[in-house]
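Trainee:
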Amino acid sequence: MLKRVKLGVIFIIVSVLMAGLVGCSSSTKSSNHSYDIYIFNGKSENADAFQKLAQVYEKEKGVKVKVFSLGTTEATDTLRSAMNSSEKPSIFSVGAGSVEEWKDSGYAMDLKDASTPELKKLADSIPESMRLQTKEGENYGIPYDVEGYGLIVNKKMITDLFGLTDTTQFIADFKTATYEEFKNMVIAVNGYIKENKTGSVVLSGHTYQLAKNKTELTSKLNGVFSVAGAEKWTYGDHFGNYPLNTVFNSLSAAQNATDSQVQQLKIPLEKSVQALDFETSYLAGPKGALTRGADFINSTTTGYDQAVQTFADGKALFIKQGNWVYNNVKKVNTDITSSLTMLPMKLPFTDDDIKVKGLTAEKFNESIPEFVPNYYVINKKVSKDEQKKAEDFLVWLNTSETGKKFITDEFAFVPFNATSDTKLENPLSNDLITYKRAGNILSNPFNGAPNSWGQEAYGKILQEQYFTKQNWTEADYAKVADYSIQKWKELKSN
C-alpha cells in the first residue's frame with residue numbers, strides 16, 4: 012500500500028514537471044508551431060478575405076500566417092481558451108472598451124514598447140480619441156477600421172425638394188447650420204410633406220426655396236425622420252453618445268469618470284432628450300406619418316430593418332445611422348446608394364454645456380462621432396521572435412500598397428490612416444474620411460460608460476416611459492437626465 016502511494020506521488024510530480032516544461036516551451040519557442048504568427052480575427056465577415064491575405068503575405072514575405080476568424084458572441088470565451096492553450100495567438104482582436112482584461116492579465120502589449128520603429132510611428136499616428144487605452148498615455152492596439160454615424164440623406168431627395176441642380180452648396184451650408192436653422196428646416200419640410208406648404212429655409216445664411224411642385228420622389232415622403240424606436244441601441248447608445256461627448260473626449264475618459272463629471276452631464280442629457288422630443292415629433296412610417304405610441308416601439312414597424320426600409324423606399328428624408336447601413340440600403344434600393352451622404356446631427360448645446368477642452372457648440376454641430384470597433388493587439392506572452400513578426404505584419408498591412416488595398420477593397424473597411432486619395436465604394440465611408448481629415452469628429456464615450464448604461468438606463472426609460480407618450484415637458488427631460496445619472500453611479504459602483 013505504501014509503495015503504491017509513493018509511486019503515485021512520483022507520477023504526480025513528474026506529470027506536473029512535464030506540464031510546466033510544455034507550458035514554458037509553448038510560450039517562448041514559436042518554432043514548435045506550424046506557423047510563424049497566429050492571428051485571432053474577431054470579424055467573421057472578412058474571414059475569407061483574411062485567409063486570402065495570409066496567403067499573399069506568406070508568398071511575399073515568406074512568413075506563414077495562421078488565421079482563425081470568429082465574430083459571434085462566443086468570441087471572447089474562445090479567445091480566453093486560446094490564451095490558455097499551447098498555441099496562443101500572436102495577434103488578437105479586442106473590442107473598444109474591452110482591453111482592461113487583457114492588460115491586467117499581462118497579454119496586451121503597449122505599442123510604446125514595440126521593437127519596430129515603424130510600428131511605433133504607426134501607433135503614434137492614431138488620433139488620441141481613437142486609441143485603445145484604459146487611461147491617457149496608453150496605446151494598446153492598431154485599429155481594424157473606423158465607423159461613424161450621423162444623419163443620412165439621399166442627395167437626389169434634396170435636389171427635388173429644393174429644385175436644385177447641384178447639392179454641393181446645400182450640403183456645405185447644412186454642415187455649418189445652427190440648431191435653430193435645422194429645426195426651422197425640419198418644420199418647413201414637414202409642412203411641405205403633409206400640407207403641400209411651399210416656403211423657404213435658411214441654412215448658414217443662405218436661403219433655399221422648397222420646390223413649387225412635388226416630384227415622383229418627394230411625393231413618397233411620409234415624414235422627416237425614420238427612427239428605429241424598437242431598437243434601444245440606436246438612441247440609447249448612439250444618440251446618448253452625443254451628450255456624453257460634451258464632457259468626455261474619449262472612451263477611456265468616460266471609463267475613468269468622477270462623480271462630479273457625471274453630474275456635469277445633467278444639462279447635456281436634458282437637452283439631448285429635448286432634441287429627441289423634437290425629432291420624434293416628425294416621424295415617417297412605412298404607410299404614412301408615424302407618431303409616438305405603441306407602433307413606434309413595435310419591432311414590426313420600427314425595428315432596424317424596417318426603419319432602413321422606410322428610408323430606402325424614400326418615405327423619410329433622414330435616418331440617423333452609420334456607414335454600416337450602406338449594404339442594407341443597397342439590398343432595398345440600389346438606385347440611391349451612390350447618392351447617399353452623411354450630415355452631422357444638430358443638438359441645442361451651448362458653449363457653457365461643453366466641458367471638453369477646445370470643443371465649442373459650433374464645432375460640435377459640424378462633427379460626427381467616429382470610432383474604432385475593434386483593434387489588433389499584440390500578445391506580450393508569445394516569444395520575442397513571434398512578437399517581432401507580428402509587428403512587421405501590422406506595419407505591412409497598414410502601410411504597404413497591397414495591405415492597404417486589402418483593407419479598403421477586400422475587407423471594405425475605412426482605414427484609420429486614410430488619405431485624400433483613399434476611395435471606397437461606400438460613399439458614407441468616404442464621408443467619414445472627409446470629416447476626419449477636417450478634424451470634425453466626436454468620440455465614442457458611450458463605449459466607456461458603465462456596462463449596459465446606454466440601453467438599460469438612458470435608452471430604457473426613453474422607450475418604456477416616453478416613446479409611448481405624445482407630449483413631453485421640461486420636467487420629463489429632467490427626469491430622464493436624473494435617472495440616467497443615478498443609474499451611471501449605481502452601475503459604476505457594482
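Residue numbers (our numbering): 12 to 505. Just so you know, even glycine gets a beta-carbon here, dropped at the ideal spot from N, CA and C.
1. According to DSSP, is serine 454 helix, strand or coil?
2. How close, in whole Å, do the beta carbons of proline 297 and threonine 321 come, if the pair is a contact with beta carbons under 8 Å?
3. Determine the DSSP secondary structure at lysine 111, reduced to helix, strand or coil.
4. Within its chain, find whatever has a CB closer than 8 Å to the CB of alanine 125; leave out the 5 residues flanking it on each side and keep chain order.
5. Over what stretch of residues does the alpha helix (DSSP H) that includes glutamine 320 continue unbroken?
6. When the Cα atoms are used, what is the spatial distance from tyrosine 160 to threonine 245?
7. Starting from proline 154, follow its DSSP beta bridges and name the residues at the other end.
8. Looking at methionine 141 and proline 128, is the spacing between their C-beta atoms short of 8 Å?
9. For histidine 217, count the other beta carbons within 10 Å of its own beta carbon; 16 or more makes it buried, fewer makes it exposed. Which is it?
10. Quick check on the DSSP output: the beta strand (DSSP E) that includes leucine 354 runs from which residue to which?
11. Which first and last residues belong to the beta strand (DSSP E) in which phenylalanine 404 is found?
12. What span of residues does the alpha helix (DSSP H) with tyrosine 219 cover, start to end?
13. For asparagine 57, count neighbouring C-beta atoms within 10 Å of its own C-beta (all shown protein chains included) and say buried if the count is 16 or more, exposed if not.
14. Can you give me the C-alpha to C-alpha distance between threonine 39 and glutamate 139, rounded to a whole angstrom?
15. Going by DSSP in three states, serine 504 sits in which element: helix, strand or coil?
16. Would you grab the beta carbon distance between lysine 282 and proline 359 for me? Rounded to a whole angstrom, and I think it's under 8 Å.
17. Tell me which residues share the same chain as tyrosine 446 and place their Cβ nearer than 6 Å to its Cβ, disregarding the 5 neighbours each side in the sequence.
18. At the level of alpha carbons, what is the spacing between glutamate 485 and serine 104?
19. Given asparagine 252, which residues of its chain have a CB within under 6 Å of its CB, disregarding the five upstream and five downstream residues?
20. Quick one: what's got a C-beta closer than 7 Å to glutamine 275's C-beta in the same chain, skipping five residues either side?
21. When DSSP labels each residue in this structure, what does valine 491 get in the three-state scheme?
22. Just tell me which of Leu172, Lys114, Ser394 and Glu158 has its CA closest to the CA of glutamine 144.
23. What are the boundary residues of the alpha helix (DSSP H) that includes glycine 202?
24. By Cβ distance below 6 Å, which residues in the same chain neighbour lysine 357 in space, the five residues on each side in sequence not counted?
25. The beta strand (DSSP E) with glutamine 332 in it runs from where to where?
26. So what does DSSP say about alanine 268, is it helix, strand or coil?
27. Here's a check: name, in chain order, each residue in its chain whose Cβ is nearer than 6 Å to the Cβ of lysine 277, leaving out the five neighbours to either side.
28. Classify glycine 34 as helix, strand or coil using the three-state DSSP reduction.
29. Please determine, among Tyr151, Met94, Glu98 and Glu147, the residue with the shortest C-alpha to C-alpha distance to alanine 119.
30. Taking DSSP as the reference, what is the three-state secondary structure of glutamate 436?
31. Within 10 angstroms of its Cβ, does serine 518 collect 16 or more other Cβ (buried), or is it exposed?
32. Starting from valine 213, trace the beta strand (DSSP E) in both directions and tell me its first and last residue.
33. If I measure Cβ to Cβ from alanine 265 and keep anything under 7 Å in the same chain, skipping five residues before and after, which residues do I get?
34. If the criterion is Cβ atoms closer than 8 Å, does the pair leucine 221 and tyrosine 203 meet it?
35. Alanine 372 by DSSP, collapsed to three states: which one?
36. Go through its chain and collect everything with a Cβ distance to phenylalanine 289's Cβ below 7 Å, but skip five positions before and after it.
Mentor: Reading it off the structure:
1. Serine 454 falls in the coil class under three-state DSSP.
2. 5 Å
3. A small fix is needed here, since residue 111 is glutamate in this sequence, not lysine. It is helical.
4. Same-chain partners within the cutoff: Lys131, Ala134, Ile389 and Glu402.
5. If you look at glutamine 320, you'll find it in the alpha helix (DSSP H) that goes 315–323.
6. 10 Å
7. Note: proline 154 is bridge-paired with Tyr386 in the DSSP secondary-structure output.
8. no
9. Result: exposed.
10. 351–354
11. Note, phenylalanine 404: premise wrong, no beta strand (DSSP E); alpha helix (DSSP H) at 395–410.
12. Per DSSP, tyrosine 219 belongs to no alpha helix (DSSP H); it is in the beta strand (DSSP E), 217–220.
13. buried
14. For threonine 39, the pLDDT reaches just 40, beneath the cut-off of 50, and the residue's location in the model is therefore unreliable, although a value from the coordinates is still provided. Those two C-alpha atoms are separated by around 33 Å.
15. helix
16. 5 Å
17. Ile379 and Ile452
18. 44 Å
19. Pro380 and Phe457
20. Val258 and Lys366
21. In the three-state reduction of the DSSP assignment, valine 491 falls in the helix class.
22. Lys114
23. 190–206
24. Tyr190, Phe193 and Asn376
25. Per DSSP, the unbroken beta strand (DSSP E) holding glutamine 332 starts and ends at 327–333.
26. Looking at alanine 268 - three-state DSSP - the assignment turns out to be coil, as it is neither helix nor strand.
27. Excluding residues within five positions, the ones whose Cβ falls inside 6 Å are Ala492.
28. Interpretation of glycine 34 is limited by its pLDDT of 40, a score under 50 that renders its predicted location unreliable; the figure taken from the coordinates is listed afterwards. Collapsing the DSSP output to three states places glycine 34 in a helix.
29. Tyr151
30. coil
31. The structure shown does not extend to residue 518, since the chain spans only 12 to 505, so no value can be given for it.
32. Taken as a continuous stretch (DSSP letters only), the beta strand (DSSP E) holding valine 213 covers 211–214.
33. Leu255, Phe259, Pro456, Gly459 and Ala460
34. yes
35. helix
36. Lys194
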